[in-house]
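Position in the sequence shown (from 1) plus 89 gives the number in the numbering used here. The beta carbon of each residue, even a glycine, is placed where N, CA and C say it ideally should be. Here is the structure we will look at, set down as structure tokens.
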Amino acid sequence: MEPTATVLDLNQLRRSCSSCALHELCLPAGIDADDLNRLDAAVKDKRMLDRGAMLYREGDRFDALYVVRSGSLKSFVQNEAGDMQILAFHLPGEIIGFDALASNQHVSQAEALERSSICEQPYAHLQRVTSEVPALHRQLMRVISREVVEEHRHLMVMGRQQAQEQLATFLKSVADRHQRLQRDSTTLNLSMSRYDIANYLGLVVETVSRLFSRMEEMGVLEVNRKSVRILRPDLLAGLCRTGAMSKQKDAG
Numbered sequence: 090m091e092p093t094a095t096v097l098d099l100n101q102l103r104r105s106c107s108s109c110a111l112h113e114l115c116l117p118a119g120i121d122a123d124d125l126n127r128l129d130a131a132v133k134d135k136r137m138l139d140r141g142a143m144l145y146r147e148g149d150r151f152d153a154l155y156v157v158r159s160g161s162l163k164s165f166v167q168n169e170a171g172d173m174q175i176l177a178f179h180l181p182g183e184i185i186g187f188d189a190l191a192s193n194q195h196v197s198q199a200e201a202l203e204r205s206s207i208c209e210q211p212y213a214h215l216q217r218v219t220s221e222v223p224a225l226h227r228q229l230m231r232v233i234s235r236e237v238v239e240e241h242r243h244l245m246v247m248g249r250q251q252a253q254e255q256l257a258t259f260l261k262s263v264a265d266r267h268q269r270l271q272r273d274s275t276t277l278n279l280s281m282s283r284y285d286i287a288n289y290l291g292l293v294v295e296t297v298s299r300l301f302s303r304m305e306e307m308g309v310l311e312v313n314r315k316s317v318r319i320l321r322p323d324l325l326a327g328l329c330r331t332g333a334m335s336k337q338k339d340a341g
């Protein structure tokens, strides 16, 4: 039997943070009702973005951080010639907009990969709330730390020589993030295109397509367009370590 598709409930988008299905990811466990009401009052906007719509552009003034409630986005930079480098993909429960903290303006751009819903948290108000709610401040610092870790992981993946290891690491990262959302971590509906994946990993799109086919032949994945089913999580995890194991052998 085919799994039932999740239908976006527009009424749910109008509810408070306390009833949001993602609040456990965004907020610290055990936050009390009064503190939650303060945070909910700080939410300026709960908006919908169509596919291809921009959440912010490079040079936009920094006013707020954003929580992805549903859907997904990509953040990227572009040079004067229009060449794009994708920096990250953002899934539900994740906060974006940290790129503007240092200079008070965004140095990257964020675009919806599919129809997505976003919560806007005005930063000035958020600062006041976090100063009054220490648990929320600690959680925000953990989120920022997680973003830094993801950036470091991306740089490590980009620096690896084996393209298969790069793609395997990317797929495992998406699976791990699905698991954190309490979703099926073996069935991934990738909202990003093969071109986006290739750009993110520093590969050419033909290589990415070939690697998906190779992993299918190995029995690791089952691929149907943007739907990827992980048949052997153990083999996928092994592919993520091939580069490290090769370096150990060379050193020995």
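Asked, Found
"Ser161 beta carbon less than 8 Å from that of Ser205", "yes"
"Buried versus exposed call for Pro322 [16 or more other C-beta atoms within 10 Å across all chains shown]", "exposed"
"contact_flag[the region 179 to 189, the region 161 to 171] where n(CB pairs < 8 Å) is 3 or more", "yes"
"Asn168 - DSSP class collapsed to helix/strand/coil", "coil"
"Beta-carbon spacing of Ile207, Asn288 below 8 Å", "no"
"Minimum Cβ-Cβ distance from Thr258 to chain E less than 8 Å", "No chain E is present in this structure, which holds just one protein chain."
"Under the three-state DSSP convention, the category His179 falls into", "strand"
"Leu244 versus Ala213 - alpha carbon distance", "31 Å"
"Nearest-angstrom Cα separation, counted from Leu325 out to Gly319", "Note that residue 319 is Ile in the sequence shown, not Gly. Between Ile319 and Leu325, the C-alpha separation is close to 8 Å."
"Segment contact flag, the region 141 to 150 with the region 259 to 267, C-beta cutoff 8 Å, min 3 pairs", "no"
"Coil, strand or helix - Glu236 by DSSP", "helix"
"Reduced DSSP secondary structure (H/G/I, E/B, other) of Thr276", "strand"
"Span of the beta strand (DSSP E) around Leu144", "143 to 145"
"Nearest neighbour of Val157, chosen from Cys329, His226, Asp149, Leu180 [CA to CA]", "Leu180"
"Whole-angstrom distance between Asp152 and Arg227, CA atom to CA atom", "21 Å"
"Ala201 - partner residues in DSSP beta bridges", "Leu162"
"Element boundaries [beta strand (DSSP E), containing Arg318]", "316 to 319"
"Sheet register partners of Arg150 (DSSP bridge)", "Gln194"
"Leu419 versus Gln216 - alpha carbon distance", "Given that the chain is displayed from residue 90 to residue 341, the structure contains no residue 419 and the question cannot be resolved."
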